[in-house]
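Here the structure is laid out as structure tokens; the discussion comes afterwards.
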Amino acid sequence: MMNMNLELIVRPYVDKVEKWEFDEVVLEYSGAVKISFKYGGRKVGDTLTFCKKDLARVFLDLLGGSVKGDDKIKLVCQACLDFSEHC
């Protein structure tokens, strides 16, 4: 079950990102979790930085449920799996 407080914090970012067209999610781990998006190999939009892993997990979970198109959902889900393995 998702923490509602975390969801309230992350929801505005999900709403912003789901409007972007992207085909790749890039995660960087360096104390904080940096999430950026690419379309056709080029960076799209802003890089999001979450200082808490829980926030990043909730963000990726919500984004995975909201993006349109099977390919995008698969990529976001893969990013979630990769993220979980490294944390």
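My numbering numbers the first residue of the sequence shown as 11 and each following residue consecutively.
Note that the Cβ used here is the ideal one computed from N, Cα and C, for glycine as well.
As the structure is a prediction and not an experimental result, all values here were calculated from the model.
Skipping 5 residues on each side, what residues in its chain have a beta carbon closer than 7 Å to that of residue i?
i	result
S46	V36, K53 and T57
L65	L16, I19 and V20
G51	none
Starting from the C-beta of residue i, find all residues in its chain whose C-beta is less than 6 Å away, skip the five residues before and the five after it, and write them out in chain order.
i	result
T59	A42 and K44
If I measure Cβ to Cβ from residue i and keep anything under 8 Å in the same chain, skipping five residues before and after, which residues do I get?
i	result
V86	V35, L70, L73, G74 and V77
N13	D64 and V68
V27	F47, G55, L58 and L73
Kindly indicate which three-state DSSP category residue i falls into: helix, strand or coil?
i	result
V20	helix
V68	helix
D93	In the sequence on display, residue 93 carries Phe and not Asp. Of the three classes helix, strand and coil, the one that applies to F93 here is helix, per DSSP.
For the beta strand (DSSP E) that residue i lies in, which residues bound it at each end?
i	result
F47	A42 to Y49
F9	In the structure displayed, the chain extends from 11 to 97; residue 9 sits before or after that span and is not available.
Whole angstroms are fine: how far does the CA of residue j sit from the CA of residue i?
i	j	result
S40	E31	26 Å
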